[in-house]
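Undergrad: Just so we're aligned: 7 in UniProt numbering is position 7 of the sequence shown, and the numbers increase by one with no gaps anywhere.
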Amino acid sequence: MLLIFDWDGTLIDSTAKIVASLQAAAQRLQLPALPDAEVKNIIGLSLDEALARLYPALSSSALLTLSEAFSQHFIAADQKPCAFYEGVVPVLTSLKAAGFDLAVATGKSRSGLTRVLGNVGWSDFFSATKCAEETASKPHPLMLEQLLSDFGVRPHEAVMVGDTEYDMAMASSAGMPRIAVSYGAHHIDRMRPYEPVLCLDRFTELLEWQPLRQRLETLPS
């Protein structure tokens, strides 16, 4: 089975850092301040699409300036890497050791994901990663469709794990089972309409999902 994970808000506790960096960038450019909830709403989208939604009246050049300012603030703040959510490291390590294919589908840029994977020592951990700039932004299903093609599996042989309605909508459009986590950027009630097969309050609960548990139970101890 192919296990696909969102990054920010699902594996890494980076929501507060993203919000603060965007607000600092807006303040630096003397743009209207946005509340935390409004910024959290766009987490998961590509940066270009997120900023265009937050500041629809800005010109393309102004949006580019805002994007650059956000990246500068975030990179500076990210010198101290964000923490993994509790249970992420042991659970993913166990799944990898059990032979599951692990992948990431994220709205981060390639340079951003490469940097953060290096920061946490996971540059070679995942079998594949897809970033929005290389494909289509969530909730378009293209990045999932490309991962399915890369691994030669059908939608029901994979699962998408994420913390936003964009993750759920993307997986739904791809015909893929989806698992929602309740501790990330979007409230769990926003994800329930997409009928996730599982809703997690803690990442360790992923191991209780029957398809994974059955596979793990058949492995030699």
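All C-beta atoms in this analysis are idealised placements derived from N, C-alpha and C, irrespective of residue type, glycine included.
(1) Quick check on the DSSP output: the alpha helix (DSSP H) that includes methionine 191 runs from which residue to which?
(2) Say the cut is 7 angstroms; is the CB of arginine 53 nearer than that to a heavy atom of the ligand GTP?
(3) Smallest Cα separation from serine 173: which of Ser61, Tyr55, Pro139 and Thr65?
(4) According to the neighbour-count rule (16 or more other Cβ atoms, all chains shown, within 10 Å of its Cβ), is cysteine 82 buried or exposed?
(5) For valine 197, does the count of other Cβ atoms within 10 angstroms reach 16, so buried, or fall short, so exposed?
(6) Given phenylalanine 74, which residues of its chain have a CB within under 6 angstroms of its CB, disregarding the five upstream and five downstream residues?
(7) Starting from isoleucine 18, follow its DSSP beta bridges and name the residues at the other end.
(8) Just reading off the alpha helix (DSSP H) that arginine 202 is part of, what are its end residues?
(9) Under a Cβ-count criterion, where at least 16 other Cβ atoms within 10 Å of its own Cβ denotes burial, should leucine 148 be classed as buried or exposed?
(10) Taking the alpha-carbon of phenylalanine 203 as reference, which of Leu113, Ala26, Gly162 and Gly118 has the nearest alpha-carbon?
(11) With DSSP collapsed to three states, give me the class of aspartate 13.
(12) Leaving out five residues on either side along the sequence, give the residues of the same chain with a beta carbon under 6 angstroms from the beta carbon of phenylalanine 70.
(13) How about the segment 2-12 and the segment 45-52: do they share at least three Cβ pairs that are nearer than 8 angstroms?
(14) Taking the beta strand (DSSP E) that arginine 178 belongs to, which residues open and close that run?
(15) Quickly, what does DSSP pair cysteine 82 with across the bridge? List them, please.
(16) Measure the alpha-carbon distance for leucine 11 versus glycine 184 and round it to whole angstroms.
(17) Once you ignore the five residues that flank methionine 143 on each side, which residues in its own chain have a CB closer than 6 angstroms to its CB?
(18) Just the C-alpha distance for glutamine 210 and alanine 16, rounded to the nearest angstrom, thanks.
(19) Round the Cβ separation of glycine 107 and serine 46 to the nearest angstrom and send it over; I've been treating them as touching at under 8 angstroms.
(20) Ignoring anything shorter than 3 residues or poking outside the segment 114-196, list the beta strand (DSSP E) runs there in chain order.
(21) Over the uninterrupted beta strand (DSSP E) stretch that includes aspartate 8, give me the two end residues.
(22) Hey, would you say arginine 190 sits closer than 8 angstroms to glutamate 157, going by beta carbons?
TA: Once the coordinates are examined:
(1) What you label residue 191 is simply residue 191 of the sequence shown in a count that begins at 1. Methionine 191 -> alpha helix (DSSP H) spans 188-191.
(2) The ligand GTP is absent from the structure shown, which contains no ligand whatsoever.
(3) Along the sequence shown, read from residue 1 onward, the residue named residue 173 stands at position 173. For the set Ser61, Tyr55, Pro139 and Thr65, the Cα lying nearest the Cα of serine 173 is the one of Pro139.
(4) Residue numbering aside, residue 82 sits at position 82 when the sequence shown is read from its first letter. Counting Cβ neighbours within 10 Å, cysteine 82 comes out buried, since at least 16 surround it.
(5) Taking the first residue of the sequence shown as position 1, residue 197 is located at position 197. Exposed is the call here.
(6) If you number the sequence shown from 1, residue 74 lands on position 74. Answer for phenylalanine 74: Ser21, listed in chain order.
(7) Looking up residue 18 in the sequence shown gives position 18. Checking the DSSP bridge columns, you'll see isoleucine 18 has no partner listed.
(8) Walking along the sequence shown from the start, residue 202 turns up at place 202. First-last for arginine 202: undefined, no H or E at that position.
(9) By one-based count along the sequence shown, residue 148 stands at place 148. Leucine 148 is buried by the Cβ-count criterion.
(10) For this step, residue 203 is matched to residue 203 along the sequence shown. Taking only the C-alpha atoms, the option nearest phenylalanine 203 is Gly162.
(11) The sequence position of residue 13 within the sequence shown is 13, counting from 1. Looking at aspartate 13 - three-state DSSP - the assignment turns out to be coil, as it is neither helix nor strand.
(12) Residue 70 sits at position 70 when you count from the first residue of the sequence shown. So the list reads Ser21, Leu22 and Ala25, once near-sequence residues are dropped.
(13) Between the segment 2-12 and the segment 45-52, the count of Cβ pairs shorter than 8 angstroms is below three; the stretches do not touch.
(14) One-based indexing of the sequence shown puts residue 178 at position 178. From DSSP, the beta strand (DSSP E) with arginine 178 extends over 178-181.
(15) If you number the sequence shown from 1, residue 82 lands on position 82. None, per the DSSP bridge assignment.
(16) Against the sequence shown, residue 11 aligns to sequence position 11. Against the sequence shown, residue 184 aligns to sequence position 184. Cα-Cα distance, rounded: 9 angstroms.
(17) The count along the sequence shown starts at 1 and reaches residue 143 at position 143. Hits under 6 angstroms: Ala105, Lys130 and Thr135.
(18) Mapped onto the sequence shown, residue 210 falls at position 210. Mapped onto the sequence shown, residue 16 falls at position 16. The alpha-carbon atoms of glutamine 210 and alanine 16 are separated by roughly 33 angstroms.
(19) Here residue 107 is taken as the residue at index 107 of the sequence shown, counted from 1. Here residue 46 is taken as the residue at index 46 of the sequence shown, counted from 1. Correct: roughly 5 angstroms between the Cβ atoms.
(20) 128-131, 158-162 and 178-181
(21) Counting from 1 along the sequence shown, the entry for residue 8 is found at position 8. That residue, aspartate 8, is in no beta strand (DSSP E); it is neither H nor E in DSSP.
(22) Sequence index remark: in the sequence shown, residue 190 carries index 190 (1-based). Sequence index remark: in the sequence shown, residue 157 carries index 157 (1-based). Taking 8 angstroms as the Cβ cut-off, arginine 190 and glutamate 157 do not qualify as a contacting pair.
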